[in-house]
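Worksheet for the structure shown next.
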Amino acid sequence: MQDHMHQPTHHHDDGSQAGGTLTRHTAPHAGHHQPAHQHPGDDDHAVHTSGQHAGHSTAMFKNRFWLTLALSVPVVYFSPMVGHILGYMAPMFPGSTWIPPVLGTVIFLYGGQPFLKGGLQELKDRRPGMMLLIAMAITVAFAASWITSLGLGGFDLDFWWELALLVAIMLLGHWIEMRALGSAQGALDALAALLPDEAERVTDSGTETVPVSELRPDDLVLVRPGARMPADGTVVDGQAEFDESMITGESKTVPRGPGAPVVAGTVATDSSVRVRVTAVGDDTALAGIQRLVAEAQASSSRAQALADRAAAFLFYFATAAGVLTFIAWTLLGSVPEAVTRTVTVLVIACPHALGLAIPLVIAISTEQAARAGVLIKNRMALERMRTVDVVLFDKTGTLTTGEPELKDVAVAEGVDPDELLALAAAVESDSEHPVARAIVRAARDRNLVVPAVGSFTSLTGRGVRATVDGRTLHVGGPALLRELAAVEPPALAAVTRGWMDRGAAVLHVLDGGRVLGAVSLEDAVRPESRQAVAALQNRGVKVAMVTGDARQVAQAVAADLRIDEVFAEVLPADKDKKVAELQARGLKVAMVGDGVNDSPALARAEVGIAIGAGTDVAMESAGVVLAGNDPRAVLSMVDLSRASYRKMWQNLVWATGYNILSVPLAAGVLAFAGVVLSPAAGAVLMSASTIVVALNAQLLRRLKLNPSEVR
């Protein structure tokens, strides 16, 4: 096992294992968080296909609101009741008394149309909900107001101004809600607008400029300095530093050369490259994430269902209260009062505040999360995250970078550590192996002078050989030592044995048959991982780690990060069993993985979170995708879930509490004590309730969700 652990894949004894300790992740769609290219600003015209907004666009609610508001101004101004309340007398002229009825009718038929249609559909489906309650309220107000305007029965039920404001406020609320629901898509569309509309396709006769939509897999495109990638692909010629900040959130550019994957929207900053297109249209990471956002908007949550049930309850409650009110006041011998009280009950039972209570919170939460790089695919994940007891992280590519990093240098007697590292970097300088790059990078970071080399040779499965200043040097692991019959000095052997015990890859540097020293390399732990683990534990959430790596490797990372529990040497197919094991203890689990080998575990956990890579699997298995590769974004989900849950209940209690208290008062249960809720007071309180709910939901925007700001 030791030889296997410290034997190369390619040409090094680098410690790569089946679990992928030092395996470089090169998924072409890693961490992408862009939707397919489309023009920003389409949100207003997006038509919802599910829920109470089915078939309605944001623009429809917006347009109806503004016209209804304009018509409501004269209706309210010429209302005798409003004039009496505010102490003014509206001017009288021929036909002035018909302004409220005529304009109120237009408002009812035009502005109220979405609610009337929705209410009728709920009635047909025998599933009373918010739209039916709204439709009932405005229909009763409309009928009662016309009866009063026509002077029938001597009733004083002039509800034209309440009807106008009721419809206007409802339209405003639904417009705000739909805009918020569309903001997660809009935030991504704004980034998608950065994608190029055209690409330079390479042909036998040169290059031609074509629309991005005409690109096909296997096309060769030229990407010039400063230009954005028009599609997903693989570099076939040239090398450039790519700005991938729109994907990873990291400002530092990364080198991309032949064979390296590149993703649409990233920028070649300094050089031209030729790229072979691998994915276009619906097959790209962009289109996949766009579908993910669409699913997020269409998904429904338990809390939303709770609001629907509350609306159904209020419908039956208001209907029963209306019937009992009419019967009670009729038996008391006051039919006009019975009609007045009944109409008031039915008008103020409108659940508009309830209708906004939950959806608006979820909509704003989804929008805020998207702006922080957290894409909520399934809103159930948003609700469940607050109940999570343990977050189970996959190690490689999640808590670690998935790439090797030089950790230690040890030397034989009389050898300078910097000289050893410089010699190792020189021998490795012509190699493309991840371990070689890590050694060269470490020497460069220490500003060491790396000598020139010649006669570079790769020794498959053992290491590399090169000539440096006339000396033949080797760099490799235990297999190379055995081949050259080299023996480590005892002091050096004691050090390297400790490295191996903790799972590090060990490479020796030899001059002929003499061992000059050794270097150790380990999977680099993300600096953000320490903050993420500590912050979760401070919130009372345990942290566990699962990995296919050897136990000593896993224990070393866990000790570094102070993780509570470790599952090591776990095959990818068995990771979901570890989730089930935690659940069997009564714990609610959030699984965080790269979305490639972790799909069963992501699907089994209460909350599946894909981080940074594997968008295809993420769409199938995870409820949440972290657009970047920062594990601290998990904290954003925890904080957002807890905050949104508080807002949901605050709004739900306020909205239902208003109805439960106001309906009996409107019915006149305290009339004997001289306490009666007038129609005007009921309408004002109803509007105030809606405004309170909307404003309370907006307070979620103050929540700081940027991973770098979460503590």
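In the working numbering, the protein residues as written are -4 to 706. Every residue gets a Cβ at the ideal spot worked out from N, C-alpha and C, and that includes glycine.
Under three-state DSSP, which class holds residue i?
i      : result
Glu362 : helix
Thr467 : strand
His428 : coil
Asp153 : coil
Pro399 : strand
Pro702 : helix
Ser52  : strand
Asp569 : helix
Ala323 : helix
Ala585 : strand
Phe88  : coil
Phe237 : strand
Thr264 : coil
Thr542 : coil
Val288 : Note on Val288: pLDDT 44, under 50, position unreliable in the model; no value is reported.
Arg460 : strand
Leu186 : Residue confidence for Leu186 is low, a pLDDT of 41 falling below 50, so the modelled location carries little weight; the figure read from the coordinates is stated next. In the structure shown, Leu186 sits in a helix (DSSP, three-state: H, G or I).
Lys57  : helix
Glu564 : coil
Ile371 : strand
Leu672 : coil
Asp278 : helix
Phe310 : helix
Ala376 : helix
Asp593 : coil
Ala499 : coil
Leu147 : coil
Gly536 : Per the sequence shown, residue 536 should be read as Val rather than Gly. The answer is coil: DSSP assigns Val536 none of H, G, I, E or B.
Arg304 : helix
Leu210 : coil
Val504 : strand
Closest by CA to residue i, which one among the options?
i      : options                        : result
Asp589 : Arg457, Lys572, Val619         : Val619
Ile558 : Ala683, Val386, Ala661, Val490 : Val386
Arg196 : Ala563, Trp156, Asp265, Arg271 : Arg271
Gln645 : Ala499, Asn691, Pro75, Ala605  : Asn691
Asp599 : Val574, Arg336, Ala579, Leu81  : Checking the sequence, you will find Arg at residue 599 rather than Asp. Ranking the options by Cα distance to Arg599, first place goes to Val574.
Pro206 : Pro250, Gly276, Leu161         : Gly276
Ala486 : Gly512, Ala500, Val470         : Gly512
Ser450 : Ala585, Val688, Arg460, Arg509 : Arg460
Asp411 : Glu398, Leu443, Val435         : Leu443
Leu309 : Val231, Met131, Leu695         : Met131
Val101 : Phe150, Leu158, Lys119         : Leu158
Leu166 : Gly107, Leu111, Ala539         : Gly107
Val430 : Leu416, Arg441, Val587, Leu401 : Leu401
Tyr105 : Ile133, Pro626, Leu621, Gly581 : Ile133
Val536 : Val633, Thr452, Ala519, Leu556 : Val633
Val392 : Asp440, Gly124, Asp593         : One point to set straight first is that residue 392 is Gly, not Val, in the sequence displayed. Minimum Cα distance to Gly392 is reached at Asp593.
Which two residues bound the contiguous alpha helix (DSSP H) that contains residue i?
i      : result
Pro96  : 94 to 101
Met125 : 125 to 144
Phe110 : 108 to 119
Pro485 : 485 to 496
Leu556 : 546 to 556
Leu479 : 473 to 479
Glu414 : 412 to 423
Ser329 : Ser329 -> no alpha helix (DSSP H), and no H or E assigned at all.
Val77  : 75 to 81
Quick one: give me the first and last residue of the beta strand (DSSP E) that residue i is part of.
i      : result
Ala513 : 509 to 520
Pro250 : 249 to 251
Thr202 : 201 to 206
Gly652 : Looking at the DSSP string, Gly652 is not in any beta strand (DSSP E); the run it does join, the alpha helix (DSSP H), is 628 to 662.
Asp389 : 385 to 389
Whole-angstrom Cβ separation of residue i and residue j, contact assumed at under 8 angstroms?
i      : j      : result
Gly252 : Arg223 : Not really, about 18 angstroms apart at Cβ, beyond 8 angstroms.
Asp153 : Ser74  : 7 angstroms
Val334 : Ala661 : With a Cβ gap of about 13 angstroms, Val334 and Ala661 do not count as contacting.
Ala481 : Arg457 : Going by Cβ atoms, the distance from Ala481 to Arg457 rounds to 12 angstroms, so no, they are not a contact pair.
Ile353 : Arg696 : Not a contact, Cβ separation roughly 17 angstroms.
Met380 : Val584 : No, Met380 and Val584 are not in contact; Cβ-Cβ is about 11 angstroms, not under 8 angstroms.
Using a Cβ cut-off of 9 angstroms (strictly closer), state whether residue i contacts chain B.
i      : result
Asp213 : Here there is only one protein chain, and chain B is not present.
Give me the DSSP bridge partner(s) of residue i.
i      : result
Ile604 : Val587, Val619
Leu217 : Glu195, Arg269
Thr229 : Pro256, Arg271
Ala405 : Ala513
Ser453 : Val459
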